[in-house]
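See below for the structure under consideration.
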Amino acid sequence: MNSAVIASLLAAVPGLMLKTDPADLEHYGRDWTRRWTPAPLAIAFPESAQQVQAIVRWARVEGVAIVPSGGRTGLSGGAVAAHGELVLSLERMAKVLGFDAVDRTLTVQAGTPLEAVHNAAREHELAYPVDFASRGSCSIGGTIATNAGGIRVIRYGNTREWIAGLKVVTGAGDLLELNRSLIKNSSGYDLRHLFIGSEGTLGIVVEATLRLTAPSAPTNVMLLALPSFEALMDVFAILRSHLALEAFEFFTDRALAHVLAHGAQAPFAEVHPYYVVAEFEAADEAQEAAALAAFEACAETGLVSDAVLSSSDAQAAQLWRLREGITESLAAFRPYKNDVSVRVSAMPAFLAEAQALLAAGYPGFEVVWFGHIGDGNLHINVLTPEGMGETEFVARCSEVTDTLADILQRHGGSISAEHGIGLVKKPWLESTRSAEEIAVMRGIRQVLDPSGIMNPGKLFDSRPAA
Ligand code: 2HG
Ligand code: ZN
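Each residue of the sequence shown is one higher than the one before, starting from 0 at the first, in numbering that gives the first Met the number 0.
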């Protein structure tokens, strides 16, 4: 049966590279969630937008589901293929296609890794400012599909701000060029933005034209140790008023302990409950003096217990490793991940409730907090207790997430800040989006993917349950 389907695909898309080895099905059928058993039909590696279009048209006729696939570094199950889907990997579409010095844009194929985009921008003395720890493995298409955020949102915003134009193949099999990289284009619905954050449910991004910016001025990095969670928001307010912040990230002593166990170097002799990594412009003496003034203002009010200011690029990288190494250091514990957001102004009230819930909801579980506090975005990782089976663990975590979603709803927040809904957060979409909004989303999906072949089961079910 499978071999007949594959033969028909190869006949429809001559020259298409396909993999069907069990090891490949396993490798390409999962993302970083590691919660589902991969079971794709095959992996297709198209080399052009035309081949992608031919695959989608074939899949419509044959009724085969497609899972678009980039670097599969996602944490919400958006790239999981566990039901005989065809994985459409963009791995062989990873070329930088062009640079325009006047428009300050870079055009790349969707499979290009984020780090390759950074390097290409740097070659032209410009920068693509979206950045996060998985830069070497994730693809630009995946970052677009999730409207990825990361560590510099506080300064530069999310992926959405940096997409000048897109080429997409819709689930209907049409190849669309969206926005033509125009800065001003008041000619109706901006379809480009529908595809940003659509998690592969409307079609496949095949090409993106990215806006570039001037590289930031020289920066410096400080690591602060804090005595309490409450101090975090005060330190943020002080640093923000004194400095041009590029990043403001926090993590707890638990997070630090795991990163240190993975080989990072301890920053202070003593252990403190909370830590902040802040990166800020330090281009001249005035900015350096401002950094010192900010630090003194924090120290005087007892908000900071210890601090270190980097004095070299190597030391700055070492300090960043403490924050960026967290996800990897937790992976072995198969963490249940929450990626939530509220408005920054709502953070103190939300935090008080969330902390109480998690302490009561997870007695004896290890809960690791970190994230982008300056964007109102918290990552809450719950580690699997030793000896607890997967089913019991996920059931317990789901119960607590029900209450967390209620709290978020009351504070006007979101159940997914930057990782997407995928499979992991699908049961809680209604806590963040109204029934009317979801009905509109369903209608849009129906138009762009009339046969329901694009990443079915992700984000929400294509058709309402009968
Ligand atoms: C980060 O900010 C990523 O490091 C991953 O968004 C978060 O592992 C996580 O929960
Ligand atoms: Zn994050």
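Cβ atoms here follow ideal geometry from the backbone N, Cα and C, with glycine treated the same way.
Quick check: the Cα distance between residue i and residue j, rounded to an integer number of angstroms?
i, j, result
"residue 470", "residue 120", "Given a span of 0 to 465 for the chain in the structure shown, any question on residue 470 remains unanswerable."
"residue 194", "residue 143", "8 Å"
"residue 67", "residue 15", "16 Å"
"residue 43", "residue 260", "39 Å"
"residue 122", "residue 180", "21 Å"
"residue 350", "residue 306", "24 Å"
"residue 292", "residue 315", "20 Å"
"residue 465", "residue 406", "Residue confidence is low: residue 465 scores 42 on pLDDT, short of 50, so the model does not pin down where it sits. Its coordinate-derived value is still stated next. So the alpha carbons of these two residues sit roughly 30 Å apart."
"residue 452", "residue 29", "18 Å"
"residue 192", "residue 176", "12 Å"
"residue 391", "residue 411", "30 Å"
"residue 18", "residue 347", "50 Å"
"residue 7", "residue 414", "41 Å"
"residue 186", "residue 178", "9 Å"
"residue 95", "residue 112", "10 Å"
"residue 100", "residue 106", "12 Å"
"residue 440", "residue 398", "27 Å"
"residue 246", "residue 266", "19 Å"
"residue 333", "residue 156", "30 Å"
"residue 375", "residue 345", "8 Å"
"residue 4", "residue 40", "9 Å"
"residue 460", "residue 432", "15 Å"
"residue 45", "residue 442", "29 Å"
"residue 117", "residue 362", "43 Å"
Whole-angstrom Cβ separation of residue i and residue j, contact assumed at under 8 Å?
i, j, result
"residue 208", "residue 281", "The Cβ separation is near 32 Å, so there is no contact."
"residue 384", "residue 364", "6 Å"
"residue 335", "residue 297", "With 8 Å as the limit, residue 335 and residue 297 do not qualify as a contact, their Cβ atoms being about 33 Å apart."
"residue 218", "residue 136", "Going by Cβ atoms, the distance from residue 218 to residue 136 rounds to 24 Å, so no, they are not a contact pair."
"residue 48", "residue 174", "6 Å"
"residue 200", "residue 444", "6 Å"
"residue 373", "residue 153", "4 Å"
"residue 371", "residue 248", "6 Å"
"residue 329", "residue 382", "7 Å"
Let me know if residue i comes out buried or exposed under the rule of 16 or more other beta-carbons within 10 Å of its beta-carbon.
i, result
"residue 104", "buried"
"residue 2", "exposed"
"residue 188", "exposed"
"residue 227", "exposed"
"residue 463", "Note that residue 463 scores 46 on pLDDT, short of 50, meaning its location in the model is unreliable; the coordinates nonetheless yield the value given after this. The residue is exposed, with fewer than 16 neighbouring Cβ atoms inside 10 Å."
"residue 269", "exposed"
"residue 184", "exposed"
"residue 367", "buried"
"residue 388", "exposed"
"residue 145", "buried"
"residue 60", "exposed"
"residue 182", "exposed"
"residue 300", "exposed"
According to the Cβ coordinates, are residue i and residue j closer than 7 Å?
i, j, result
"residue 52", "residue 204", "no"
"residue 323", "residue 10", "no"
"residue 86", "residue 27", "yes"
"residue 36", "residue 80", "no"
"residue 171", "residue 449", "yes"
"residue 24", "residue 125", "no"
"residue 274", "residue 294", "no"
"residue 458", "residue 420", "yes"
"residue 91", "residue 128", "no"
"residue 77", "residue 417", "no"
"residue 110", "residue 138", "yes"
"residue 302", "residue 309", "no"
"residue 258", "residue 325", "yes"
"residue 263", "residue 221", "no"
"residue 430", "residue 394", "no"
"residue 69", "residue 447", "no"
"residue 54", "residue 12", "yes"
"residue 206", "residue 108", "yes"
"residue 223", "residue 140", "no"
Per DSSP, what are the beta-bridge partners of residue i in this structure?
i, result
"residue 19", "According to DSSP, residue 19 bridges with nothing at all."
"residue 279", "219 and 244"
"residue 410", "DSSP output for residue 410 lists no bridge partner at all."
"residue 212", "126"
"residue 95", "107"
"residue 156", "The partner list for residue 156 (beta bridge, DSSP) is empty, contrary to what the question assumes."
"residue 44", "16"
"residue 166", "176 and 206"
"residue 319", "Bridge partners of residue 319: none, in fact."
"residue 112", "138"
"residue 379", "337 and 368"
"residue 273", "225 and 251"
"residue 65", "85 and 453"
Going by the C-beta, is residue i closer than 6 Å to any heavy atom of the ligand MN?
i, result
"residue 132", "What this structure holds is the ligand 2HG and the ligand ZN, not the ligand MN."
Closest Cβ-Cβ distance between residue i and chain D: below 7 Å?
i, result
"residue 17", "In the structure shown, chain D cannot be found, because there is only a single protein chain."
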